[in-house]
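Below is one structure, written out as structure tokens; the observations come after it.
Protein chains: 2
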Amino acid sequence: MARIKTENNISRKEIIVAKAAQLFREKGFKAASMRDLAESVGVEAASLYNHIKSKTELLHELCFGVANRFMQKIEEVEQERIPAVEKIEKLLRFHIHEMIHHYEEVYVSDREWKHLSDPYLSNFQNQRRIYRKRLAAIIETGIRAGEIEPIDATTAVLILLHSISGIESWHRSKHKISPEELENNMITILVGGLYPKK
Amino acid sequence: MARIKTENNISRKEIIVAKAAQLFREKGFKAASMRDLAESVGVEAASLYNHIKSKTELLHELCFGVANRFMQKIEEVEQERIPAVEKIEKLLRFHIHEMIHHYEEVYVSDREWKHLSDPYLSNFQNQRRIYRKRLAAIIETGIRAGEIEPIDATTAVLILLHSISGIESWHRSKHKISPEELENNMITILVGGLYPKK
DNA sequence: ATTTTTCGCTAACGTATGTTAGTTTGTTAT
DNA sequence: ATAACAAACTAACATACGTTAGCGAAAAAT
Numbered sequence: 210m211a212r213i214k215t216e217n218n219i220s221r222k223e224i225i226v227a228k229a230a231q232l233f234r235e236k237g238f239k240a241a242s243m244r245d246l247a248e249s250v251g252v253e254a255a256s257l258y259n260h261i262k263s264k265t266e267l268l269h270e271l272c273f274g275v276a277n278r279f280m281q282k283i284e285e286v287e288q289e290r291i292p293a294v295e296k297i298e299k300l301l302r303f304h305i306h307e308m309i310h311h312y313e314e315v316y317v318s319d320r321e322w323k324h325l326s327d328p329y330l331s332n333f334q335n336q337r338r339i340y341r342k343r344l345a346a347i348i349e350t351g352i353r354a355g356e357i358e359p360i361d362a363t364t365a366v367l368i369l370l371h372s373i374s375g376i377e378s379w380h381r382s383k384h385k386i387s388p389e390e391l392e393n394n395m396i397t398i399l400v401g402g403l404y405p406k407k
Numbered sequence: 210m211a212r213i214k215t216e217n218n219i220s221r222k223e224i225i226v227a228k229a230a231q232l233f234r235e236k237g238f239k240a241a242s243m244r245d246l247a248e249s250v251g252v253e254a255a256s257l258y259n260h261i262k263s264k265t266e267l268l269h270e271l272c273f274g275v276a277n278r279f280m281q282k283i284e285e286v287e288q289e290r291i292p293a294v295e296k297i298e299k300l301l302r303f304h305i306h307e308m309i310h311h312y313e314e315v316y317v318s319d320r321e322w323k324h325l326s327d328p329y330l331s332n333f334q335n336q337r338r339i340y341r342k343r344l345a346a347i348i349e350t351g352i353r354a355g356e357i358e359p360i361d362a363t364t365a366v367l368i369l370l371h372s373i374s375g376i377e378s379w380h381r382s383k384h385k386i387s388p389e390e391l392e393n394n395m396i397t398i399l400v401g402g403l404y405p406k407k
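Respectively, the protein sequence lines represent chains P and U. So for the first sequence, my numbering puts the first residue at 210; every next one is plus one. So for the second sequence, my numbering puts the first residue at 210; every next one is plus one.
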């Protein structure tokens with residue numbers, strides 16, 4: 210009857226969510242069917258519903274899983290007593306790390322959240338807005354402290370965040386340089402661009 | 210009977226393509242239905258097929274329209290006799306300008322090309338790869354000439370291109386700063402980060 | 001004025017999708 | 001050994017989708 214194989218400490222639902230992340234990343238949420246997912250899990254489509262409530266629940270799970278991790282991290286970093294540039298660098302490294310090591314989920318959360326339905330949708334958009342505002346606030350603190358070139362903080366946030374989502378291309382391109390190199394290259398370019406010229 | 214209104218010099222098909230761009234941007238290619246499109250054009254779904262061959266043809270049209278414009282521009286810029294940094298700046302300004310003024314098409318081409326089908330799909334991917342290589346080549350020329358900080362060109366390309374696609378967020382956020390300000394902010398941050406430190 | 005072409009309509013087709021109902025099988029606890 | 005539960009199956013549903021066929025009206029060409 211081909212039960213889903215579970216290692217210890219990892220539920221069948223978690224396996225399904227993980228496979229869903231892969232599939233949603235490859236095909237997009239709408240184009241990925243529950244029958245596709247079932248096949249990749251090794252089971253009939255209807256069987257999935259013994260473990261999950263709906264297709265959108267899978268998206269919720271993925272999006273909020275990612276969003277919560279980022280929220281937690283920014284709260285942690287905000288409270289450290291270090292210069293603003295270092296806070297930014299820490300957060301960037303976290304973003305890059307997450308993008309590299311939890312590629313599928315982060316990517317899906319980034320590109321497919323549009324397909325959330327409405328109590329969740331506005332919630333998610335809210336969280337994103339708040340996150341960006343906080344990031345901008347850190348940058349502005351840095352500017353006032355003279356650690357950061359005086360630039361438009363909102364634009365800077367926009368550039369920083371979207372640069373990182375470009376790691377997707379790197380991910381596709383068969384790992385030409387190592388993750389560590391990539392991370393350091395990105396930090397050099399991005400943080401390097403923040404320091405005051407002179 | 211409500212015919213599609215056409216101003217002079219703009220065909221009914223072009224109207225449909227334009228509306229499709231809007232719709233594909235809002236909902237994504239898969240989630241946007243031909244019936245949605247028909248409604249937004251003001252016509253019944255079946256009537257669309259008097260002007261277009263298929264839903265995917267709309268995507269071809271959009272993706273390759275955008276891709277060709279960028280290809281043409283890079284060829285033009287490559288042949289100018291100016292420093293590499295200025296070539297980069299010109300191309301960046303073009304990207305930003307396109308993203309701001311042909312938002313829907315550029316966005317769709319950027320995010321929905323996955324749903325192209327296969328003679329077109331590989332073609333498109335090829336064009337993208339080539340474009341990036343050429344951009345990287347310009348950066349490397351600049352590095353050798355000492356105009357640009359020695360960085361990993363591939364990573365730089367990745368950052369530059371994806372930063373720009375972040376204008377999407379700006380577009381959504383009710384135009385807080387003017388397009389010109391945005392453009393100049395982005396150039397400052399992105400190109401500013403390229404120049405050699407010290 | 002008449003013919004031809006363009007373009008819209010209604011109706012319908014086949015297929016794919018998310019999901020439910022009801023049943024059977026494997027696993028775990030008594 | 002048996003009862004209880006978890007998790008798989010088959011069958012089917014309603015709906016939504018892209019698209020085609022065929023027809024009538026409007027516009028353009030003669």
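From the three backbone atoms N, C-alpha and C, an ideal C-beta is built for every residue, glycine too.
Selection from the options that minimises the alpha carbon distance to residue i
i	options	result
R338 (chain U)	P:P359, P:S382 and P:S263	P:S382
A345 (chain U)	U:L271, U:A365 and U:F333	U:A365
H269 (chain P)	P:T397, P:S378 and P:S331	P:S331
T350 (chain U)	U:A247, U:I297 and U:E390	U:I297
L370 (chain U)	U:S220, U:D319, U:K264 and U:A293	U:D319
H260 (chain U)	U:I224, U:I398, U:I309 and U:V315	U:I224
R278 (chain P)	P:E266, P:V315 and P:V294	P:V315
I287 (chain U)	U:Y340, U:R212 and U:K222	Just to set this straight, residue 287 (chain U) is Glu in the shown sequence, not Ile. Selected option, being the one with the closest Cα: U:Y340.
T363 (chain U)	P:K222, P:E390, P:A227 and P:E358	P:E390
R221 (chain P)	P:G237, P:K236, P:L267 and P:A241	P:L267
K299 (chain U)	U:T265, U:K282 and U:E358	U:K282
V275 (chain U)	U:R343, U:H310 and U:N394	U:H310
V294 (chain P)	P:V226, P:E358, P:G375 and P:Q231	P:E358
is_contact[residue i, chain U] using C-beta, thresh 9 angstroms
i	result
V394 (chain P)	In the sequence as presented, Val is not what sits at residue 394 (chain P); that position holds Asn. Answer yes: the Cβ-Cβ gap between N394 (chain P) and chain U drops below 9 angstroms somewhere.
R320 (chain P)	yes
G355 (chain P)	no
R341 (chain P)	yes
T397 (chain P)	yes
S372 (chain P)	yes
G237 (chain P)	yes
G351 (chain P)	no
I261 (chain P)	no
L367 (chain P)	yes
L391 (chain P)	yes
M210 (chain P)	Residue confidence is low: M210 (chain P) scores 49 on pLDDT, short of 50, so the model does not pin down where it sits. Its coordinate-derived value is still stated next. So no, M210 (chain P) is outside the interface.
Residue i versus residue j - alpha carbon distance
i	j	result
S372 (chain U)	A229 (chain U)	25 angstroms
N335 (chain P)	P388 (chain U)	25 angstroms
M210 (chain P)	V250 (chain P)	Confidence at M210 (chain P) is low in this model, with a pLDDT of 49, below 50, so the placement of that residue should be treated as unreliable; the coordinate-derived value is given next. So the two alpha carbons sit approximately 13 angstroms from each other.
I386 (chain P)	I291 (chain U)	31 angstroms
R234 (chain P)	L325 (chain U)	16 angstroms
I368 (chain P)	L399 (chain P)	9 angstroms
C272 (chain U)	E356 (chain P)	42 angstroms
R353 (chain U)	N218 (chain U)	48 angstroms
D327 (chain P)	I348 (chain U)	44 angstroms
K262 (chain P)	M280 (chain P)	26 angstroms
R212 (chain U)	E253 (chain U)	11 angstroms
L246 (chain P)	E248 (chain U)	32 angstroms
G237 (chain P)	K264 (chain P)	13 angstroms
F333 (chain P)	V317 (chain U)	22 angstroms
Supposed contact pair residue j and residue i - C-beta distance, whole angstroms, cut 8 angstroms
i	j	result
Y329 (chain U)	H380 (chain U)	Actually they do not touch by this definition, with Cβ atoms about 27 angstroms apart.
R302 (chain P)	I396 (chain P)	7 angstroms
I305 (chain P)	E377 (chain P)	That pair is no contact at about 12 angstroms.
A240 (chain P)	K239 (chain U)	5 angstroms
CB contact below 9 angstroms: residue i versus chain P
i	result
A240 (chain U)	yes
T363 (chain U)	yes
I376 (chain U)	yes
H304 (chain U)	no
H269 (chain U)	no
Burial state of residue i, where buried means 16 or more other Cβ atoms lie within 10 Å
i	result
Y258 (chain U)	exposed
D361 (chain P)	buried
E285 (chain P)	exposed
A255 (chain P)	exposed
E289 (chain P)	exposed
E321 (chain P)	buried
E307 (chain P)	buried
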